[in-house]
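Have a look at the structure below, then the notes.
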Amino acid sequence: MRQAIFLHFFLGFLACLNTVSYVQAEDPYVFLNWVVEYGDISPLDIKQRGILINGQFPGPTINVITNDNVIVNVENKLDEPLLFTWNGIKQRKAAWQDGVLGTNCPIPPNSNWTYRMQMKDQIGTYNYFPSTLLHRAAGGFGGLNILARSVISVPYPKPYEELTVLVSDWWKKDHKDLQKILDSGSPFPLPDGILINGKPHSTSFPVVPGQTYLFRVSNVGLTTSINFRIQNHKLLLVEVEGSHTMQEVYDSLDIHVGQSSSFLVTLYSDPKDYFIVASSRFIKPVLTASAILNYQGSKNAASGPLPNAPIFQFHGSMKQARSIRWNLTANAARPNPQGSYHYGTIKVARTIVLENTAAVIDGKLRYAINNVSYVNPDTPLKLADYFNIPGVYTLNTTKDTPPVGPAVLGTGVVGTTLHDFVEIVFQNRESSLQSWHLDGNDFWSVGFGSGKWNSALRRRFYNLNDATTRHTIQVYPFSWSAILVSLDNKGIWNLRSANWPRRYLGQELYVRVWNDEPSPFTEYGIPDNVLLCGKAKK
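In structure tokens form, the structure reads like this:
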């Protein structure tokens, strides 16, 4: 009898252990509820209509930990359909949550939709913003930071505090007026100013003397590269978009549209205020915003001239970009060192050369990639695939190399196979700097160079050892940039110009990463709350 009682108790105890283990095995949840609506803002001292999230401009910063499940309920109180995209978040096996028109139907006005995401195997500094129309020119953007799990070490001492800094260009015109300019076929105007956390000159960052702070800096602008610097302080670069870097010291760093970087800044012991400066690069006139590094106990206001922007231009900026290298011995989101993935030894399965061009189509200004200027169909590509809806798009309408002939309107989709290792070269034949972003994947930024790319000559200059992984890469005027990407995330992913007016006028395509095996190990199923539109609605 006692043996039976003991056995019953022991089995019950094991069952309890299993239940506890199951509960503990599930990663934590972070729940956010956003009300998105118009409100009055005055970033350049002129009242204008802005997009607020829970009454805030910029929107609230999201701070989470690797592998957290993030649930964001978005209530759209705008007068237009809306989507948010999560700039740099890989969305492992979950293209349904990407928040662009190729994967999602937009959230109609006066309704809501819930994003369900996991920050799977990621750390780093990222951001979010509206991906629809020109909403981004009115606000709706914010910081998104993924901290490492406590069991995974980072290659620097824990900072006293982390500060999120959003730098951006800004226009005094309403976003709908800016959209009308583009719809009319006219060139997009230059920005009217630069902002730091939504203000041109009055943002204050309170700090404690003698401490070391981590500054997480993102360029959430539409068109403008920005140089970031702090008066009389050095910037120790430690991370770019999820990659721990070799810890080089910079006086200032160019951060291009869509990019993010993290710096350690050690403060002096004597309390005194200093200027934080963000200024436009490669446009005239130079636009500048300043904030205050406000030392606790300071009785001396920031003074003296603002620290100068670098005098080097495109070639110097390219040299600076090449100096950013991977820390091969540091962990990222996983315990294995970054350098254990020897990307430079993997055979390239396919090379794709993408050339950006401006064109006039049907009498209006458009932008194209390999002569295809993208037009969004009324049915998201992802839904067309899932429901086997014909006529929405044709695979490989965008060719692997720039074709001869005029640019045309089309729905550009490049077909690839899951786990392909692909070389993508961005060729810029124009006089302006370009910036490119790939959703759902990171990539190694292996090469920058001037002139026209060719395989025989240019590959000799690739960094095949310690190039950083990123999700956004700049391409200098009359130059090329090369990336290597392991397409191990099944789905349909947006590859776009991060220069938003160019993207709005067609400079984007989608990369279909595919295999024919339906499996939750490669891609999660369709969400139960999926929005249907276009042909999928029928």
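According to mature numbering (1 follows the signal peptide of the UniProt record, and there is no 0), the residues represented by the sequence shown are -25 to -1, 1 to 513, in order.
Here a beta-carbon is modelled for each residue, glycine too, at the ideal position from N, C-alpha and C.
Could you tell me which residues DSSP puts in a beta bridge with residue i?
i, result
"TRP419", "THR444, LEU459"
"LYS174", "ILE171"
"PRO181", "ASN269"
"residue 514", "There is simply no residue 514 to check, as the chain begins at -25 and stops at 513 in what is shown."
"PRO312", "ASN306"
"GLU12", "LEU27"
"TRP468", "VAL486"
"SER159", "Beta-bridge pairing links SER159 to no other residue."
"PHE104", "THR60"
"ILE399", "ILE327, ILE458"
"ILE40", "LEU122"
"TYR349", "GLY385"
Is the beta carbon of residue j closer than 8 angstroms to that of residue i?
i, j, result
"GLU46", "TYR103", "At residue 46 the sequence reads Ile, which differs from the Glu that was named. No, Cβ-Cβ distance for ILE46 and TYR103 is not below 8 angstroms."
"SER106", "THR139", "no"
"HIS219", "SER410", "no"
"GLU12", "LEU53", "yes"
"GLY115", "GLY34", "yes"
"LEU119", "ILE37", "yes"
"GLY422", "PHE401", "no"
"ILE82", "LEU58", "yes"
"PHE250", "PRO476", "no"
"TRP301", "GLY314", "yes"
"ASN269", "PHE180", "yes"
"residue 514", "ASN29", "The chain is shown only over -25 to 513; residue 514 falls outside these bounds and no answer can be derived."
"GLN482", "ALA343", "yes"
"VAL388", "LEU370", "yes"
"ARG67", "ASN311", "no"
Report all residues from its chain with a CB closer than 6 angstroms to the CB of residue i; omit the five preceding and five following residues, and keep chain order.
i, result
"GLY63", "TYR101, GLU216, HIS446"
"LEU340", "GLY160"
"ILE21", "LYS147"
"ASP375", "ILE327"
"VAL224", "LYS209, LEU211"
"ALA442", "TRP419, SER420, VAL421"
"VAL367", "PRO352, THR354, ALA359"
"SER461", "PHE396"
Got a sec? Which residues, its chain only, sit under 7 angstroms from residue i by beta carbon, not counting five neighbours each side?
i, result
"LEU165", "ILE258"
"PHE203", "VAL142, VAL192, SER227, LEU228, ILE230, ALA253"
"GLN154", "LEU108, LEU109"
"GLY466", "ALA70, GLY415, VAL488, GLU498"
Exposed or buried, residue i, counting other C-beta atoms within 10 Å across all chains shown (16 or more means buried)?
i, result
"LYS357", "buried"
"LYS294", "exposed"
"PHE6", "exposed"
"SER292", "buried"
"PRO175", "buried"
"VAL252", "buried"
"PRO381", "exposed"
"PRO493", "exposed"
"ASN474", "buried"
"VAL183", "exposed"
"SER125", "exposed"
"ALA379", "At residue 379 the sequence reads Val, which differs from the Ala that was named. It counts as exposed."
"VAL350", "exposed"
"HIS208", "buried"
"PRO495", "exposed"
"PRO260", "exposed"
"PHE190", "buried"
Considering only residues of the same chain and omitting the five flanking positions on each side of residue i, which have a CB-CB separation below 8 angstroms?
i, result
"THR187", "PRO132, PRO134, TYR135, LEU239, VAL240, THR241, LEU242"
"ARG309", "ASP96, ILE127"
Between the options, which has its C-alpha nearest residue i's C-alpha?
i, options, result
"THR332", "GLN154, GLY118, ARG478", "ARG478"
"ASP73", "SER200, ASP245, SER177, VAL505", "VAL505"
"TRP468", "GLY424, ASP441, GLY415", "GLY415"
"ALA324", "LYS374, THR391, PRO280, PRO260", "THR391"
"PHE396", "PHE418, GLU405, ASP96, ASP491", "PHE418"
"LYS512", "ILE364, GLU398, THR178", "ILE364"
"LEU170", "GLN271, THR372, ALA113, LEU122", "ALA113"
"PRO502", "ARG91, PRO84, SER17, ARG24", "ARG91"
"ILE201", "LYS155, ASN207, SER265", "SER265"
"ASP353", "GLY77, ILE28, LYS68, ASN48", "GLY77"
"ALA334", "VAL328, CYS508, ASN345", "ASN345"
"TRP145", "TRP455, ARG471, CYS80, GLY25", "GLY25"
"HIS290", "GLY272, PHE453, ALA123, ILE267", "PHE453"
"LEU211", "SER237, THR372, GLY117", "SER237"
"GLY99", "PRO56, ASN42, TYR485", "ASN42"
"GLU405", "ILE286, TYR451, PRO246, ASN438", "TYR451"
"GLN449", "LYS68, GLY117, THR199", "THR199"
"SER278", "LEU262, LYS247, LEU439, ASN490", "LYS247"
"ARG297", "ASN311, SER420, GLY338, PHE32", "SER420"
"GLN222", "VAL75, ILE321, THR304", "THR304"
"GLY196", "PRO285, ILE286, ARG111, ARG434", "ARG111"
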